[in-house]
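Chemist:
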Amino acid sequence: MLDPLALPSRLHPTDFKVELQKVKYSWQLNSTDHLPITSEAIQCGLVGLAGLYNSVEELKQSPTIRQNAKSMEDSLSESMVLLDSCSIIRELFQMIKENVQSLQSALRRKGLSDPSIHNKITAYFCFRRKMNKCVAKTLKTLKNLEHKIGSDHSVNVESNFTSVLRQVTGITIAILKSILVFLSLPTGNHPRSWSFVSKLMLTKSGRENGLINEVGNVDFALKTIQGKLRSSGATVVDEVQMLQKTLQNFDATIRVFEGALERLNRQLVQNRVILLNIYTC
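Given below as structure tokens:
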């Protein structure tokens, strides 16, 4: 009986190289300085990345691919950093979802007339500040890994499996960084309101255009309501409706990210298993 692992891969290395370039090109088109901050662009990147990891699993079976044992230790270490970073991001989305759903529930049950709503809004911004610190720390870890693997990702796919992994690792780092920037975007386009992380990662053109995403929309809606409530006699009916719609849209976005990140996490685990199998053979 034939060993299925000994069969030629259905994916030829040249085909993988073409697929890799397609993902890179698509990523550049949909990104700002290669770091997209819109949920749609990031989700497209995650879809392309999922295809690359599927191809890596097939490519490792190719008879033309050589595996450099000395480089496997580095690849294993890098895979652990990616796994840890992905896990942290998943936890952040889980915490955001809990905070958003808490706000939604309180608004449905009590509205803004209850003093506890103000406490929940304050608690949300307190969470956002803590989250940005975690984002900054994780970004630093990923940037260190990016520096380690080098900015030159030229690869000979036909000969070196490790260099293939470096290519995919580089794209994975870029996408994870973009998710972290997405989560840390400030509440508006006023420079003084920007977090340190956003100022560090966003391009000049992005700042001038006042980019804002679903995270920023929630912040903006909450801050608008806070400002109106401080004004005696101000009505916030329209603002509350806007906030409820914004929270609903953000909750839907979170769920999409959770599904994509769960899939990426499984693929990162599988990739590590592949590396361990190669390393121990």
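Under the UniProt record's numbering, the first residue of the sequence shown is numbered 1, with each subsequent residue one higher.
We put the CB at the ideal spot given by N, CA and C, even for glycine.
Computed from a predicted model, the values in this text were never measured in an experiment.
(1) I need the straight-line Cα distance from I96 to S75, nearest angstrom please.
(2) Under 8 Å by Cβ, that's how I've got V47 and F250 pegged, so tell me the actual separation to the nearest angstrom.
(3) C86 and N265 look like a contact to me (Cβ under 8 Å); what is the Cβ gap, rounded to whole Å?
(4) Note down the Cα distance separating Q43 from L139, rounded to an integer number of angstroms.
(5) When the Cα atoms are used, what is the spatial distance from R10 to E262?
(6) Helix, strand or coil for T224? Go by DSSP, reduced to three states.
(7) Can you give me the C-alpha to C-alpha distance between N209 and N217, rounded to a whole angstrom?
(8) To the nearest angstrom, how far is the alpha carbon of D219 from that of M242?
(9) Do the stretch 122-130 and the stretch 175-182 touch if we need at least three Cβ pairs shorter than 8 Å?
(10) If we count the other Cβ atoms within 10 Å of its Cβ and call it buried at 16 or more, is T162 buried or exposed?
(11) Where does N213 fall in DSSP's three states?
(12) So, with DSSP's three-state summary, where would you put G48?
(13) Could you have a look at K60 and say whether DSSP puts it in helix, strand or coil?
(14) Is it right to say N271 is buried, meaning 16 or more other beta carbons lie within 10 angstroms of its own, or is it exposed?
Modeler: Here's the rundown:
(1) Distance between the alpha carbons of I96 and S75 is about 32 Å.
(2) So it is not a contact: roughly 21 Å between Cβ atoms.
(3) Between C86 and N265, the beta carbon gap of about 5 Å places them in contact (Cβ cut-off 8 Å).
(4) For the pair Q43 and L139, the Cα-to-Cα distance works out to about 19 Å.
(5) The predicted position of R10 is uncertain, since its pLDDT is 49 and thus under 50; no value can be drawn from it.
(6) Note: T224 maps to helix in three-state DSSP.
(7) Unreliable placement is indicated for N209, whose pLDDT of 46 sits below 50; the coordinate value is still reported in the next sentence. If I take the Cα positions, the gap works out to 15 Å.
(8) Per the coordinates, the alpha-carbon of D219 lies some 12 Å from the alpha-carbon of M242.
(9) As far as the Cβ criterion goes, the stretch 122-130 does not touch the stretch 175-182, which means the pair count is below three.
(10) The residue in question, T162, is buried, as its Cβ has 16 or more Cβ neighbours within 10 Å.
(11) Three-state result, N213: coil.
(12) Three-state DSSP puts G48 in a helix.
(13) Here K60 sits in coil by DSSP.
(14) Classification of N271: buried, given that the 10 Å Cβ count is 16 or more.
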